[in-house]
Each structure stands twice: as C-alpha cells, then as structure tokens.
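Numbered as in my numbering, the sequence shown ends at 186 without a single skipped number.
Remarks on the structure that follows.
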Amino acid sequence: MLAEAIKREANRVKSKYQTDDPYEICRAMKIRLLTAPMGTNDQSCKGFFLVNARCKIITINSDLPDHIQRIIVTHELGHAILHSDAAISAFHEFAMFDDTDRMEYEANVFAAEFLLEDTEVTDTLEEDMDFFTMARMLCVPPELLDFKCRILQRQGVAINAPYIARGDFLKRNLEQPMS
Numbered sequence: 008m009l010a011e012a013i014k015r016e017a018n019r020v021k022s023k024y025q026t027d028d029p030y031e032i033c034r035a036m037k038i039r040l041l042t043a044p045m046g047t048n049d050q051s052c053k054g055f056f057l058v059n060a061r062c063k064i065i066t067i068n069s070d071l072p073d074h075i076q077r078i079i080v081t082h083e084l085g086h087a088i089l090h091s092d093a094a095i096s097a098f099h100e101f102a103m104f105d106d107t108d109r110m111e112y113e114a115n116v117f118a119a120e121f122l123l124e125d126t127e128v129t130d131t132l133e134e135d136m137d138f139f140t141m142a143r144m145l146c147v148p149p150e151l152l153d154f155k156c157r158i159l160q161r162q163g164v165a166i167n168a169p170y171i172a173r174g175d176f177l178k179r180n181l182e183q184p185m186s
C-alpha cells in the first residue's frame, strides 16, 4: 500500500472516531487491548496483533514506558486497520518497527502518520534546536521522527534534518533514556 493511502487511512480513522487517542479508537473499533509483562531487554516482545475467532486483539508489553506503549498501540492499530485480512490465529511479528517486512513498514507508516502531523513536524524542524530536542518536544523517539521526516521528504517536502534511524530502533533496551 502506498504511503499516501496509509496517511489517508490514518486521518480517516481519526476523523471518524473524532479522536487521535489510539486507545479510544481501539475501544470504538471493539479491538481488545491487553497488556502483559514481557520484559525490557532488546529481545523482548513489544506487542502484537492477532485475530482469533473473528476477535481482534492487541497485546502490549506492560513493562514498557507509557509513551512507548502508546506508539506500539498505534503501530498495532495500523496492523488491525491495514492487515486484518492477513492476521491469523498466531503471532504475526515480534519485531516492531522492523521495516524489512512490507506489513511492518506499512504499520510504521501508519504510526508515523497517525502520531505526527505534517505541519507539526515541519514547524518543529524550522525551530533552532537539535534533532533530539525536537523528538522530545514531539514526545516520540528520535527514530520515529526520522521515519516521519523520510516520509515527508519522499512526498516532496524539503527537509534538512539528520537521519539516524535504524529499522530496529524499538528493539533496543528501552530502560536506557532517549538521548
């Protein structure tokens, strides 16, 4: 699916449910949202989406900080909206934000488009501050801001920002503070 179509879908969902809260949208869409402790080391599962007996379920690692859980919920909501027909009664993917897989990439695009408005990002980029401060100001990991900047750049927006993202940024130890 093209990034522009995913962006339209993220905006459509926010408009339809009159909120940008992924937790509220999950409730409204009758997606069961569960939490379970899964650890905080690099190999820990961050969350997953599955469909079991036509019931959509998102499970999030409760050991993660709240702001990271919100990003993971949004990523998994992307799977629920974009890939429900591909979900089976098993874990789809443990590596969240791994852009090597098409569905993971699309869920990343959904999360970036859902959580970061174009104008909010471009306005922040124009301010005289370093990239990491901008990410903190936008309440996202620097790698997600980088991902959004790359999307905007592919859409023709002139962006002069450092690129620091790796596809596995949420695989790192999340106990370490974001720099």
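For every residue, glycine included, the Cβ atom is placed at its ideal position computed from N, Cα and C.
Since the model is a prediction, treat every value here as computed from it, not as a measurement.
Euclidean distance between Cα positions of residue i and residue j
i	j	result
PHE117	GLN162	15 Å
ALA17	ILE88	9 Å
GLY54	PHE138	27 Å
ILE32	THR66	15 Å
GLN50	ASP125	32 Å
Buried or exposed (CB count within 10 angstroms, at least 16 for buried), residue i
i	result
ILE13	buried
LEU159	buried
GLY85	buried
GLN25	exposed
PRO44	exposed
ASN167	exposed
ASN59	exposed
GLU11	exposed
Identified DSSP bridge partners for residue i
i	result
ARG39	ILE64
LEU57	ILE64
Residue i, enclosing alpha helix (DSSP H) - first and last residue
i	result
LEU152	149 to 161
VAL80	73 to 89
LEU141	For clarity, residue 141 is Met in the given sequence; the question names Leu instead. 138 to 145 is the span of the alpha helix (DSSP H), which, as asked, contains MET141.
LEU132	125 to 133
Contact check, residue i vs residue j, beta carbons under 9 Å
i	j	result
GLU120	LYS155	yes
LEU123	LEU151	yes
LEU145	VAL128	yes
LEU40	ARG34	yes
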